[in-house]
Structures are given as structure tokens and as C-alpha cells.
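Working notes, beginning with the structure itself.
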Amino acid sequence: MPRKFTPLPIIYIEGVKKLRSIRAKAKDWTAEKLYLLKEEAKNTWPMEWVIYLLFGVFVFILTYNGLVFLNEHYLVGVNKSPSLPGHLFLVEKDKKDLKRGDYISFYTRDLMPYYPKGSRFIKKVVGIEGDFISRSGQIFTICRKENPGRCITTEALRTDSKGNPAPKFIPEGRKIPSDCYFVLGDHPRSLDSRYWGYVCGEEVIGKAVKVF
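Letter by letter, the sequence shown follows residues 6 to 217 of this note's numbering.
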């Protein structure tokens, strides 16, 4: 029995019809899904925006309170000179329990022509309230009040880095006054208590800790 062949145009037409049918179904499916998504969005967007708004308010409050807390309790000090062993310091605004060996941050009195009043310094505490202090020539001697035999000595320079006469601090009395500190920088030419005296009272900001 001879084979029966379907003419090519008929096959082509049937294939095109199937493709059109598939495309139409896909179009209808896509349209239906888009419609459902739009309807779902209409129903859910108010709640989503409320959640986003509440989250934004929470983040703002958290960030604001964090910044306020940091500003009330801490400062960041950047070292611009070689007088300290570090570049960045975190300063805690707490004047309690400052002791020998601590680095403290403070506002200076008028140190012109070197620095204007209110400049912020960080120096190392070597003498605290009640410690014994004396000066002989250019040599300062600071002895611990609880152990007068334990002392340190430091020498003041006669001239500044430009060759001009350096300021000269002469201690009054034999002890460091109440609420005052004798401070030094680590660099030999540091401008510190050897030249302008004690750091006292409201000049003190707090303890400084090296970050790096």
C-alpha cells in the first residue's frame, strides 16, 4: 500500500496554528499573573510602607541616640605633632580616677605665640595632686606623695625650636595643687608643664587612649 504524504503547506499551517495557540496561552498566563501581582500589591502596599517607615524611624532614633551618647562621653583626638606615640586617640570625657601614666586631653590657656587659648592638647600625666615638686635650674623633680623617695626628673630647654627664649615655669610651693596635674609630652621639645605649668580643673577634658 503506497505511503500517504501530507502536503508541506498543510504541515506548515498546522505548526503555525500550534505556535499561535501556545503564544496565546503564554500571553494569557502572563497577563493573569501580572493581574494577580497587581491585586496583591494593592492589598499589601500600605502595610509594607508602614513597616519601612517604622524601620526607618527606628534606625534614625538609634543612630541619633548613638551620636548623642558618643558626643556626650567621647571625643576623637588627632595627633598633628611627633610629641605623642600615636596618630589617633579616643578621649573619654571623664575626669575621675586620672592617674600617673595616663594620657589626658585638655584645653590650653593662652600659649601665644605658640598656640591660642582653647587649643586641645594630649599629654602624659607624671604628677598628680599632692605630689612633691621642685625646680633646680632647668631640672624639675616630681616625687610621689605616697612614696617621696620615688621620683622622676625632667629637664626644661632654655630655647624653643626657633632659638627664642622658652617660657619658664616656677612652681609655687612644694606640692602640686588640688585638682591639678603636671604633664609632659614624649618628645624632647614638647610644649608642656615645664614651660606653662599645671593642667587644672575645667581645662581637663578626660582620659585619652591611643587607637593607633
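Virtual Cβ for every residue (Gly too), placed ideally from N, Cα, C.
As the structure is a prediction and not an experimental result, all values here were calculated from the model.
- For residue 170 and residue 117, the gap between their C-alpha atoms comes out near 13 Å.
- Remark: C-beta atoms of residue 125 and residue 175 do not approach each other more closely than 8 Å.
- Bridge pairing for residue 95: 81, 214 [DSSP].
- Within the same chain, Cβ atoms closer than 7 Å to the Cβ of residue 155 are found at 148, 149, the five residues on either side in sequence being excluded.
- In this structure, residue 200 keeps its C-beta atom at 8 Å or more from the C-beta atom of residue 186.
- Judged by their CB atoms, residue 212 and residue 109 are nearer to each other than the 8 Å cut-off.
- Contact annotation: residue 184 and residue 129 have beta-carbon atoms that are not nearer than 8 Å.
- Its Cα nearest to that of residue 193, the residue 159 stands out among 181, 159, 179.
- Residue 161 and residue 103 have their C-alpha atoms roughly 24 Å apart.
- The Cβ atoms of residue 127 and residue 94 sit closer than 8 Å to each other.
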